[in-house]
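One structure below.
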Ligand SMILES: C[S@@+](CC[C@H](N)C(=O)[O-])C[C@H]1O[C@@H](n2cnc3c(N)ncnc32)[C@H](O)[C@@H]1O
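Numbering (our numbering), first residue to last: 862 to 1199.
Okay, structure coming up:
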């Protein structure tokens, strides 16, 4: 496993999983690999469920083999919101209090949303006690860009190169970067493009929402899976399940304008397909910017890498950015200087 290898090079037994969700990765690292783990998660409900899952796992494991848990520590889960303004002193204190030790540790982030990924990279750069970092990207549209904030803690761009060259990505561009072209291509190739009628439904519903309630423009609609013969009206009920479904009336849905629009649903599929051509390119810009940021801070000494790890059909955000403070490399660098 990648984390085990990185941790071994960095001689690290402690792992902090930031944005840990239900703590699946923590359990795997603790019970499966023997690490001491601490999951940091801002959602209290997920923390409670993560602790329950730990207990359930231990109960089941004990039923099979009592010894299996002897050498293992139950993962620690703490509720905490890592703000982009957090400094290294505050972060190190948080981890010291959790593990009750000053031992060095590594950070992992499996799909840390928006600015959380860049914040972790900054923490890694500023704390030598963090011996490695492994992060996989997620939700790029939630990144703050330099144009959107007066703070210098924005999520894009990060590297000196991208800042100096004034790289800019709009919200729409960042949103496209989160889409999965592999699954989409698979469906186009196997003649299942009819499933994409759902994109025309969504476009029509969003059009109606923005026309009537501009302030609801970026409200998240529920995900709906298309099935044959699903009508636009059925779609609207499902997509608006977290909102007031009466926002959009029968007259709105049955209007001639919407009918004409929906007849032309293949144009939306064409538009969406062209848009997707840019997805990998934009994601590469974001990932390479982060990679350059890590390299520039380490004088490109080979301690950072960006690799593909997961099958994109299973997990489209499949690149891992790795930074490690290699003990031997650090020692030999110091010896060279001496
Ligand atoms: C996409 S989920 C990934 C969850 C988990 N790592 C996994 O792969 O199953 C991202 C998680 O990060 C949490 N999160 C987002 N921003 C955070 C922040 N600033 N501080 C702490 N947790 C955060 C969210 O609540 C969410 O559970």
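Heads up, the beta-carbon is just placed ideally off N, CA and C, and yes, glycines get one too.
Give the secondary structure of residue i by DSSP, where H, G and I count as helix, E and B as strand, and everything else as coil.
i, result
"residue 1195", "Its pLDDT being 36, under 50, residue 1195 is placed unreliably by the model, and nothing is read from it."
"residue 1101", "coil"
"residue 1024", "helix"
"residue 913", "helix"
"residue 1166", "strand"
"residue 903", "coil"
"residue 1085", "coil"
"residue 1147", "helix"
"residue 1136", "helix"
"residue 1171", "coil"
"residue 1057", "helix"
"residue 1131", "helix"
Looking at the secondary structure, which residues open and close the alpha helix (DSSP H) in which residue i lies?
i, result
"residue 865", "863-870"
"residue 953", "949-960"
"residue 1079", "No alpha helix (DSSP H) holds residue 1079; DSSP gives it neither H nor E."
"residue 982", "977-987"
"residue 1048", "1042-1050"
"residue 963", "Element bounds for residue 963: n/a, residue is neither H nor E."
"residue 1014", "Here residue 1014 belongs to no alpha helix (DSSP H), and DSSP marks it neither H nor E."
"residue 1074", "From DSSP, residue 1074 is part of no alpha helix (DSSP H); its letter is neither H nor E."
"residue 1121", "1117-1124"
"residue 885", "885-888"
"residue 1036", "1032-1037"
Just reading off the beta strand (DSSP E) that residue i is part of, what are its end residues?
i, result
"residue 878", "875-879"
"residue 995", "991-997"
"residue 940", "937-940"
"residue 1183", "1180-1185"
"residue 968", "966-971"
Run the CB neighbour count on residue i, radius 10 Å, all protein chains shown included, and call it buried at 16 or more, exposed below.
i, result
"residue 1088", "exposed"
"residue 866", "exposed"
"residue 924", "exposed"
"residue 958", "exposed"
"residue 897", "buried"
"residue 1096", "buried"
"residue 871", "buried"
"residue 1180", "buried"
"residue 952", "buried"
"residue 1105", "exposed"
"residue 1197", "Residue placement at residue 1197 cannot be trusted, given a pLDDT of 46 that sits under 50; the coordinates are not used to answer."
"residue 1073", "exposed"
"residue 1050", "exposed"
"residue 887", "buried"
"residue 1164", "buried"
"residue 995", "buried"
"residue 878", "buried"
"residue 1178", "buried"
"residue 1075", "exposed"
"residue 1199", "Annotation note: pLDDT 38 at residue 1199 (below 50); position unreliable, coordinate value reported separately. Exposed, since its Cβ has fewer than 16 Cβ neighbours within 10 Å."
"residue 992", "buried"
"residue 938", "buried"
"residue 893", "exposed"
Excluding the 5 residues preceding and the 5 following residue i in the sequence, name in chain order all residues of the same chain whose CB lies nearer than 7 Å to its CB.
i, result
"residue 1048", "1054, 1056"
"residue 955", "941"
"residue 1020", "1150, 1153, 1154, 1157"
"residue 1077", "1070"
"residue 934", "891, 897"
"residue 910", "883"
"residue 1139", "1037"
"residue 1193", "With a pLDDT of only 46 at residue 1193, under the threshold of 50, the placement of this residue in the model should not be trusted; the figure read from the coordinates follows. Counting only Cβ-Cβ distances below 7 Å, and skipping sequence neighbours, we find nothing."
"residue 975", "1000, 1003, 1004, 1016"
"residue 1045", "1137"
Between the Cα of residue i and the Cα atoms of the options, which residue gives the shortest distance?
i, options, result
"residue 1059", "957, 882, 1123, 886", "1123"
"residue 1007", "1144, 1027, 908", "1027"
"residue 944", "1073, 1138, 977, 1101", "977"
"residue 900", "893, 894, 912", "912"
"residue 973", "946, 1004, 987, 934", "1004"
"residue 990", "1090, 876, 1093, 1091", "876"
"residue 917", "905, 903, 936", "936"
"residue 880", "1186, 1042, 985, 904", "904"
Check whether the Cβ of residue i sits closer than 6 Å to any heavy atom of ligand 3, and report yes or no.
i, result
"residue 1177", "Ligand 3 is absent from the structure shown, which contains only ligand 1."
Here's a check: name, in chain order, each residue in its chain whose Cβ is nearer than 6 Å to the Cβ of residue i, leaving out the five neighbours to either side.
i, result
"residue 1001", "1035, 1038, 1039, 1147"
"residue 971", "886, 997"
"residue 1069", "1109, 1113"
"residue 1022", "1153"
"residue 868", "967"
Can you list, in chain order, the residues of its chain with a C-beta nearer than 8 Å to that of residue i? Leave out the 5 residues immediately preceding and following it.
i, result
"residue 1032", "1002"
"residue 1125", "1061"
"residue 988", "949, 952, 953"
"residue 1159", "1165, 1184"
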